[in-house]
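Engineer: Submitted below is the structure of interest, expressed as structure tokens.
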Amino acid sequence: MNWDLSQWCPLIDDRCFLSWLVKVPSEQEQLRARQISAQQINKVEELWKTNPDASLEDLEKPGVDDEPQPVVLKYEDAYQYQNVFAPLIKLEADYDKMTKESQSKDNVTVRWDIGLNKKRVAYFVFPKEDNELRLVPGDELRLRYPGDSSHPTWQSVGHVIKLTAQEEVALELRASQGVPTELNVGFSVDFVWKSTSFDRMQGAMKTFAVDETSVSGYIYHHLLGHEVEHQIIRNTLPRRFGAPGLPELNASQVLAVKSVLQKPVSLIQGPPGTGKTVTSGAIVYHMAKQGQGQVLVCAPSNVAVDQLAEKISSTGLKVVRLCAKSREAVSSPVEHLTLHYQVRHLDTSEKSEFHKLQQLKDEQGELSSSDEKKYKALKRATEREILQSADVICCTCVGAGDPRLSNFRFRQVLIDESTQATEPECLIPLVLGVKQVVLVGDHCQLGPVIMCKKAARAGLAQSLFERLVILGVKPFRLQVQYRMHPCLSEFPSNCFYEGTLQNGVTVNERHSSGIDFPWPVPNRPMFFYVQMGQEEISASGTSYLNRTEAANVEKIVTTFLRSGVVPSQIGVITPYEGQRAYIVNYMSRNGSLRQQLYKEIEVDHKIYKNLVLIYIIEGCLLKFYTSCRSLV
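If you read the sequence shown in the UniProt record's numbering, its first letter stands for residue 1, the second for the next number, and so on.
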């Protein structure tokens, strides 16, 4: 066929099918047609996710429009708290289960490898169709082969250990026996949904309600929003509020540390680049030196926990980073601090039997039932010994519900990025006996990601930090930013922080010498590039892309690369998965420089780089930025 590709055009224009494809109804036809609202359309689309055959008539069925009980600012007791949040967590869990289990891919091509631990690793491309679901290391997938005349059916479950720059998924299989490594095509991949995080949230709320020792009385009433008399923790304050191995604190950071050490409940608001991690590290250092027992440090994301663990470890404290067992094969920047690493490398004569069994298990892949029982008992004892010897234990909020911590009590708990966690998620580390809690975050930035719209509307998307602020708990704000060029910090300072954000870096410190780029204002490295390219629905039908904008992204990125900018320091932010995938593909195929350079450039929804390009599909600007918090 000799098709003229220049004549190709999108089938959808301005959110409407082209008129020659779907005829525009006449006025008479429109008068006879049933009028439906955008709200009804949205509700039907929601129903399609669970019932593809749903119609407008289904909206009239009883129970379809029922909304869950919304969250409130104050609760009478922990039972009311549980009765409000438990159904919301159930809604989110059901939605998450439905979404993940529907993401099955067939006709997947696999290449095989063997990991350092002798386990089989399958590499394959798992296309991301929209913004709702993204693979992360630790996710559990099922790889299966349907079988044919020459090969039997086969399946195995494994954990994602990494996502390569080429968008390949590396899946480490649990079973290494009987793997059809001679085959490469015709495989299928399914998500294996785990209820662990939701179960732990429900368990934490139950503990909060029935166990009087789960939190102190003061914190109990504070969390429920009751009026409580202000308390001061009387202890000897340090002469110096900084910590060894960390940068010197500025005035606002010193005041934050001093304030936190004297209060049972503290909120620290950290605008972008204000040194939240350094401040948190100093707080944890001084808490650990007070002799109140071990300090528990949490965050909702593994990346944030790793950063905290690294900072706290640099102060000289003994830190143990507790990972989920599903993430033990995932490489980590703080590998030497992880519990599983320390277990394998604990070199004492008492542990010689454990190491012999470990070596035997590594070599043979399995142990006899008696040896396996002995191995597990020795491993549990070793893990308990290492955890008990730590000054600080770092894990995710959900990780605080790990059975390995079930017999531990923590009087002092710090939660970083607490504004990105749901309330029940924050509750998991708190119900381990907390008497002093520090919540670090910024309610002016993005909050928790809630996939179920019903649960989000009912208030599950509001963090504990934000609710306490609304109740009148005043957060201590860090005021000096060290990340951005002063001209870039001006906008968030004036729009979100009442002009209080000061610059800890000068124009000269953020000037990139040797980069020949035609900035409209030479001493202000920023500009807005308005384009009139046509937007399209992406291949998935649930996202958007704009080819003109993608082409201009490539031109700007190429200009920076030619100017000597290192690819790893360039980031492209776009809110839509369709545009993200198209930009990655377009730069690789059409970039005028070496393809490998473009593959090193990160294109995502949230990036920390020296040079950032933000691209927004023109027609979707209002849709994505309904919440101004996306702009901070």
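Idealized CB from N, CA, C, for every residue including glycine. It should be emphasised that the depicted structure is a prediction, and the values quoted were computed from it without experimental measurement.
Would you identify the three-state DSSP class for V524, choosing helix, strand or coil?
Structural biologist: Reading off the sequence shown, one finds Arg at residue 524, where the question assumed Val. Coil, per DSSP.
Engineer: Roughly how many whole angstroms lie between the Cα atoms of C620 and G578?
Structural biologist: Annotation note: pLDDT 47 at C620 (below 50); position unreliable, coordinate value reported separately. Their backbone Cα atoms lie some 12 Å apart in a straight line.
Engineer: Counting C-beta neighbours from all protein chains within 10 Å, is the total for S418 16 or more, i.e. buried, or is it exposed?
Structural biologist: buried
Engineer: Would you kindly work out how many angstroms separate the C-alpha atoms of H345 and I386, rounded to a whole number?
Structural biologist: 11 Å
Engineer: Do you know how far the Cα of S543 is from the Cα of P575?
Structural biologist: 10 Å
Engineer: Excluding the five sequence neighbours on either side, which residues of its own chain have a C-beta within less than 8 Å of the C-beta of L237, listed in chain order?
Structural biologist: K258, L261 and Q262
Engineer: Can you name, in chain order, every residue of its own chain whose Cβ lies under 7 Å from the Cβ of A461, other than the five neighbours on each side?
Structural biologist: G447, P448 and I450
Engineer: What would DSSP say about L147, mapped onto helix, strand or coil?
Structural biologist: Rather than Leu, the amino acid found at residue 147 in this sequence is Gly. Residue state, collapsed to three classes: coil.
Engineer: State yes or no: is the C-beta of F85 within less than 7 Å of the C-beta of P424?
Structural biologist: yes
Engineer: Using C-beta distances below 7 Å, list every residue in its chain close to I89, excluding the 5 sequence neighbours before and after it, in chain order.
Structural biologist: F198, M201, Q202 and P424
Engineer: Between the region 297–316 and the region 524–536, do at least 3 Cβ pairs fall closer than 8 Å?
Structural biologist: no
Engineer: Using a threshold of 7 Å, state whether the C-beta atoms of V480 and G504 are closer than that.
Structural biologist: Cβ distance < 7 Å, so V480 and G504 count as in contact.
Engineer: When the cut-off is 7 Å and only beta carbons count, does Q307 lie next to chain C?
Structural biologist: You won't find chain C in this structure, because it holds only one protein chain.
Engineer: Closer than 8 Å is the cut-off here; do at least three beta carbon pairs connect the region 175–186 with the region 57–73?
Structural biologist: Output reads no: the region 57–73 does not touch the region 175–186.
Engineer: Using only alpha-carbon positions, find the residue among K379, P271, S301 and Y582 that is nearest to P475.
Structural biologist: Residue P271 is the option with its Cα nearest to P475.
Engineer: Taking DSSP's pairing of strands, which residues face N546 in a bridge?
Structural biologist: E535
Engineer: Can you give the Cα-Cα distance for E509 and Y482, rounded to whole angstroms?
Structural biologist: 10 Å
Engineer: Which ranges does the beta strand (DSSP E) cover as unbroken runs of at least 3 residues, wholly within the region 86–138, from first to last along the chain?
Structural biologist: 105–108, 111–114 and 120–125
Engineer: Quick one, are the C-beta atoms of V159 and E172 less than 7 Å apart?
Structural biologist: Looking at the sequence shown, residue 159 is not Val but His. Result yes, Cβ atoms of H159 and E172 sit closer than 7 Å.
Engineer: Excluding sequence positions up to five away, which residues of its chain have a Cβ less than 6 Å from the Cβ of C9?
Structural biologist: none
Engineer: For the 8 Å Cβ check, are there 3 or more pairs between the region 92–101 and the region 481–497?
Structural biologist: no
Engineer: Can you confirm whether the region 311–319 touches the region 388–400 when touching is taken to mean that 3 or more C-beta pairs between the two stretches lie within less than 8 Å?
Structural biologist: yes
Engineer: Whose C-beta lies closer than 8 Å to the C-beta of G147 among residues of the same chain, with five residues either side of it excluded?
Structural biologist: T153 and W154
Engineer: Kindly indicate which three-state DSSP category A324 falls into: helix, strand or coil?
Structural biologist: coil
Engineer: Could you check which residue in R589, S188, V521 and I283 has the C-alpha nearest to that of E554?
Structural biologist: Here the closest residue by C-alpha is R589.
Engineer: Out of G275, V473, F191 and N523, which one is the CA nearest neighbour of L223?
Structural biologist: The candidate whose alpha carbon is nearest that of L223 is V473.
Engineer: Could you check where the beta strand (DSSP E) with L163 kicks off and where it finishes?
Structural biologist: W154 to L163
Engineer: F496 by DSSP, collapsed to three states: which one?
Structural biologist: Looking at F496 - three-state DSSP - the assignment turns out to be helix.
Engineer: What distance in whole Å lies between the Cβ atoms of V438 and F410, which are believed to be in contact at a cut-off of 8 Å?
Structural biologist: Wrong, their Cβ atoms sit about 12 Å apart, outside the cutoff.
Engineer: Ignore the nearest five residues each way along the sequence and tell me which others in I268's own chain have a CB closer than 6 Å to its CB.
Structural biologist: A256, V440 and F476
Engineer: Does DSSP put N184 in a helix, a strand or coil?
Structural biologist: coil
Engineer: List, from N- to C-terminal side, the beta strand (DSSP E) runs of 3 residues or more that fit wholly inside the region 560–589.
Structural biologist: Runs of the beta strand (DSSP E) inside the region 560–589: 570–573.
Engineer: Does DSSP put A78 in a helix, a strand or coil?
Structural biologist: helix
Engineer: Give me the Cβ distance between L478 and K311, rounded to the nearest whole Å; I'm assuming they're in contact under 8 Å.
Structural biologist: The Cβ separation is near 15 Å, so there is no contact.
Engineer: Can you give me the Cβ contacts of Q388 inside the same chain, cut-off strictly under 6 Å, excluding the 5 residues immediately before and after it?
Structural biologist: none
Engineer: Let me make sure I understand the geometry here. Which of L501, A551 and R380 has the alpha-carbon closest to that of S592?
Structural biologist: In terms of Cα proximity to S592, the closest of L501, A551 and R380 is A551.
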